[in-house]
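For the sequence shown, this note's numbering assigns the number 41 to the initial residue and increments by one for each residue that follows. Even glycine gets a Cβ: it sits at the ideal position worked out from N, Cα and C. Keep in mind the model is a prediction, meaning the values are calculated, not measured. The block underneath contains the structure these notes are about, expressed in structure tokens.
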Amino acid sequence: MQYLILPKSLQVTADAAIEYLHSQWGIAKRNIKAEVVIHSNFNYRPTLSTITNDHHSLCVEVSESAYSNSLDSFVQECVAKNFPAKLYVAMPKDVQDSFYSSKIKRAKENGVGIIEVDGNGGVLIQDAIPLSLAKVRPIDMRQFPAKFREALARAENTFRSASPDKGCALLFDEMEDHFRKLAKKLNDKKLWNSKKKIPFDYTHGSWANLIELVQKNIDKNRAKCPELKPTFLSRLHGITAYRNDTGHKPHDQASLIKRDRELRTRFESASDTLLDLINYSKSLHI
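And the structure:
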């Protein structure tokens, strides 16, 4: 690989990073480019770059430092433009830096991964997150009951680790599970506006149908759930319409950008709706 910008002292590190990308991540060496602009929207020229099989722009900055302030502008641009770049810093192993810990922390806060390499291989110190997903609003765990927080943390971590579709799916699963328990509690206590037997299938029936049945039959006053209004239940019902299309794989980078933007909105909306559902059904002690 020919380097025009990278100092000679770091070119061995760059070559070791290429070996790591090839041996550990299966990236063909012929597809890795050196010191080129990755997209017309940016002036940034990472030391190494390529397009991954899932259409992310993989950028590797070779440096003796775990993080440099010069990366800030690229990170911020990617976040602002919803650009799906994964940025890593590749550095020599055993670098002596009294600010190493604080730089690692800064890199993590900005979604930047760290790889340490030498002639014998490499170690992934921390993974990068696609910068198109970095803008998602964090879930405020303090607002949720403790029993939900582990699942919510898993959903958020999954979302940020390049699997936004699976992160959304985990939130939808929590929402559906809570609603099915809500419907069962209503039925067990006969909190309906009719004395007729209502055919509920809590385990295998359609979630959308179950929402419709609750919306039609709930006695909100007796259930002491005044906020479970038709408007809210319709909002909940709307989620079922698109939960199954989150797993469709993008076929190019443009569709990846579009998908990530949509899923970020859905993730934030789903976390808000789940919190409302929990709060609106508190009187049932689910």
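**Report entry** For L127 and P290, the rounded distance between their alpha carbons
**Finding:** 20 Å
Report task. Quick one: residues in its chain with C-beta nearer than 8 Å to the C-beta of D316, no 5 flanking neighbours on either side, listed in chain order? Result -> E267 and F272
**Report entry** Beta-carbon contacts of E308 that lie in its chain and below 7 Å, excluding the five residues immediately before and after
**Finding:** V176 and R177
**Report entry** First through last residue of the alpha helix (DSSP H) which encompasses M215
**Finding:** P204 to D228
Requested in this report: Decide if R383 is buried, meaning its Cβ has at least 16 other Cβ atoms within 10 Å, or exposed.
Outcome: This structure cannot speak to residue 383, because the chain is shown only from 41 to 326.
Query - Residue(s) in a DSSP beta bridge with E149 - result: E149 pairs with nothing; no bridge assigned.
Query raised in the report: By Cβ distance below 7 Å, which residues in the same chain neighbour R146 in space, the five residues on each side in sequence not counted?
Result: Y107
Requested in this report: Evaluate T87 with the Cβ neighbour count: other Cβ atoms within 10 Å of its Cβ, from every protein chain shown; 16 or more gives buried, anything less gives exposed.
Outcome: buried
Requested in this report: Report yes if the CB atom of K264 is closer than 7 Å to the CB atom of S323, and no otherwise.
Outcome: yes
Query raised in the report: Among the residues of its own chain, which have a CB less than 7 Å from the CB of N122, if the five just before and after it don't count?
Result: S172, I297, D300 and R301
Query - For Y242, the nearest candidate out of K229, K224, K143 and A168 (CA to CA) - result: K224
**Report entry** Inter-residue spacing [alpha-carbon to alpha-carbon] between F212 and G162
**Finding:** 38 Å
**Report entry** Where the alpha helix (DSSP H) containing Q293 begins and where it ends
**Finding:** Q293 to Y320
Query - Outcome for R262 when other beta-carbon atoms lying within 10 angstroms are tallied against a minimum of 16 - result: exposed
Query raised in the report: What is the DSSP secondary structure of C99, counted as helix, strand or coil?
Result: strand
Report task. Please list, in chain order, all residues of the same chain as N319 whose beta carbon is under 8 Å from its beta carbon, the five residues on each side excluded. Result -> E267
Query raised in the report: For H62 versus K73, is the C-beta spacing smaller than 7 Å?
Result: no
Query raised in the report: Do you know offhand how far V76's Cα is from Y43's?
Result: 10 Å
Report task. To the nearest angstrom, report how far apart H79 and R220 are at their CA atoms. Result -> 47 Å
Query raised in the report: Do you know offhand how far A174's Cα is from D167's?
Result: 13 Å
**Report entry** Local conformation of G278 per DSSP, three classes
**Finding:** helix
Query - Beta-ladder partner(s) of Q166, from DSSP - result: I154
Query - CA nearest to the CA of A310, picked from N93, E252 and A281 - result: A281
Requested in this report: Rank G207, N257 and A186 by C-alpha distance to the C-alpha of R194 and give the top, closest one.
Outcome: G207
Query - I58 - containing alpha helix (DSSP H), residue span - result: Q51 to W65
Requested in this report: Specify whether the region 128 to 139 and the region 151 to 161 touch according to this definition: at least 3 beta carbon pairs, one from each stretch, less than 8 Å apart.
Outcome: yes
**Report entry** First and last residue of the uninterrupted beta strand (DSSP E) at T198
**Finding:** Element bounds for T198: not the beta strand (DSSP E) but the alpha helix (DSSP H), A186 to R200.
**Report entry** Residues near P185 by beta carbon distance below 7 Å, same chain, minus five either side
**Finding:** I318
Query raised in the report: Is Y242 helix, strand or coil when you go by DSSP?
Result: coil
Query raised in the report: Looking at the unbroken alpha helix (DSSP H) that takes in V254, where does it start and where does it end?
Result: W247 to N257
Report task. Could you tell me which residues DSSP pairs with K363 in its beta bridges? Result -> What is shown of the chain runs 41 to 326, which leaves residue 363 out entirely.
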